[in-house]
Structures are given as structure tokens and as C-alpha cells.
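Beneath this line is the structure, given in C-alpha cells, with notes to follow.
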Amino acid sequence: MFLSSHDYYAVGVAQIGDQIYVYAPLCDGERVVGVEAYDNLLAGQEPNYDSASMQFTYWKAQDPTHESVANGWIALGDSSRFRTTTVVAGSNIELPKFIGISLQLDVGSQHVVEDVVSVSEAPRYPAGADPGSVRYAYRPERDGEDTRDPREIRDDSGCAADYPV
19 MFLSSHDYYA
29 VGVAQIGDQI
39 YVYAPLCDGE
49 RVVGVEAYDN
59 LLAGQEPNYD
69 SASMQFTYWK
79 AQDPTHESVA
89 NGWIALGDSS
99 RFRTTTVVAG
109 SNIELPKFIG
119 ISLQLDVGSQ
129 HVVEDVVSVS
139 EAPRYPAGAD
149 PGSVRYAYRP
159 ERDGEDTRDP
169 REIRDDSGCA
179 ADYPV
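Sequential numbering from 19 applies to the sequence shown in my numbering.
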């Protein structure tokens, strides 16, 4: 299910208080313009699943209003930092165990990268912890997981535009 970071874009995931945070490593000039979080297991089991139906979407938002979000610091389900919310967090489904993350990016052109994260594997921190200073679960290789700080994730990942759509 989890592919090598050499072939597959990987994000970091952490839980701060009750909030799940995703750190999406980006290069200069790359910006998040939309986010979709969905149930990866259910979507994968559905024959001929059409993602446009948003049947298994937990949350979907576009057009960030905060620079931090555009730069890859995303609190899953927090629509207050986006102009448009297509699916309000939890309105279709509850937070899934395995969350598919689809990021719509502006890298000079439109580009999409995806990853799957496990809520149960996210390191937990007290409410109020700074997302920029915690360690995130990160899957750079298929056979293991580790935790890394945002700088380590960014250094390992390369640019999002370098990953296939």
C-alpha cells in the first residue's frame, strides 16, 4: 500500500490535541491550492470508483487563505483556512483509519500528488504544540516507517513536481 518515496510522494502526519496535521514538503514556487482527504480502503474496494462522486471523501477544500497552508502545513478538516469547502469534514464519512491525501498543487502548472497516511501511526502531541516543531510519521520506504521533523522530510522528498501524477 505504501510505495517508495522515490516513486511516490510522501507526506508527514502528526496528531496535535484532537487535530490531525499533514506536512506536505514543497519546493520554492510550489503551492497547495486544494486538499482532499478520503477513505483509501473503501475507495480501493469499490469497483470502478469515480473519485468525482466524493462518496468516500472525509474533507475537501480549495483556495487556501493562509500562506502556511499554501506552503504545505495542513490541519485536516480545518476549513477556516480555505475560501471554498466542497465537503465539510465528517459530513460524508467519519475520519478513516487510512486517509488518502490528494493535494492539488500549482507548480507553474496544475499538478496532483497523493499519499496514504495512518491515523494510528501518527505521533501524538498535546494541544497547542507548534506543528513546525513536532516530528511526523513519514513513510519514505515501503518496508518501514519513522518519524522525522519537517526539515528532514523536506530534505528527503525533493520537489512535488518531480513525482508522477
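Backbone N, C-alpha and C define an ideal beta-carbon position, used for all residues, glycine too. Being a predicted model, the structure only gives us computed values, none of them experimental.
Assigned secondary structure, Ile119 (DSSP; H/G/I helix, E/B strand, else coil)
strand
Just how far apart, CA to CA, sit Pro141 and Arg166?
10 Å
Can you tell which of Leu123, Asn66, Tyr39 has the C-alpha that lies nearest to the C-alpha of Asp46?
Leu123
Quick one: what's Arg101 bridged to in DSSP?
Beta-bridge pairing links Arg101 to no other residue.
Comparing C-alpha positions only, which one of Lys78, Gln80, Asn89 sits nearest to Cys177?
Distances from the CA of Cys177 to each of Lys78, Gln80, Asn89 were compared; the closest alpha carbon is that of Asn89.
Go to Gly135, then tell me how far its beta strand (DSSP E) extends in each direction, as first and last residue.
It is worth fixing the name first, because residue 135 is Val in this sequence and not Gly. Boundaries of the beta strand (DSSP E) harbouring Val135: 128-136, taken from the DSSP string.
Rank Ala93, Pro182, Gln63 by C-alpha distance to the C-alpha of Gln37 and give the top, closest one.
Ala93
Cβ atoms of Gly52 and Leu113: under 9 Å apart, would you say?
no
CB contact flag (Phe116, Val134, <9 Å)
yes
Ordered list of beta strand (DSSP E) runs contained in the stretch 19-84, each at least 3 residues:
30-34, 37-41, 49-57, 75-82
Can you tell me the Cβ-Cβ gap for Pro43 and Ser136, rounded? I've got them flagged as a contact below 8 Å.
18 Å between Cβ atoms; not a contact.
Which residues does DSSP list as the beta-bridge partners of Arg166?
Answer by DSSP bridge pairing, in chain order: Tyr154.
For Pro82, count neighbouring C-beta atoms within 10 Å of its own C-beta (all shown protein chains included) and say buried if the count is 16 or more, exposed if not.
Around the beta-carbon of Pro82, 16 or more other beta-carbon atoms lie within 10 Å, marking it buried.
Just verifying my parser: in three-state terms, what is the DSSP assignment at Ile92?
strand
Determine the closest residue to Ser109 out of Met72, Ala147, Glu48, Val130, with distance taken between C-alpha atoms.
Met72
Give every residue of the same chain whose Cβ lies closer than 7 Å to the Cβ of Val29, excluding the five residues on either side of it in the sequence, and list them in chain order.
Val40, Tyr41, Ala42, Ile119, Asp133, Val135
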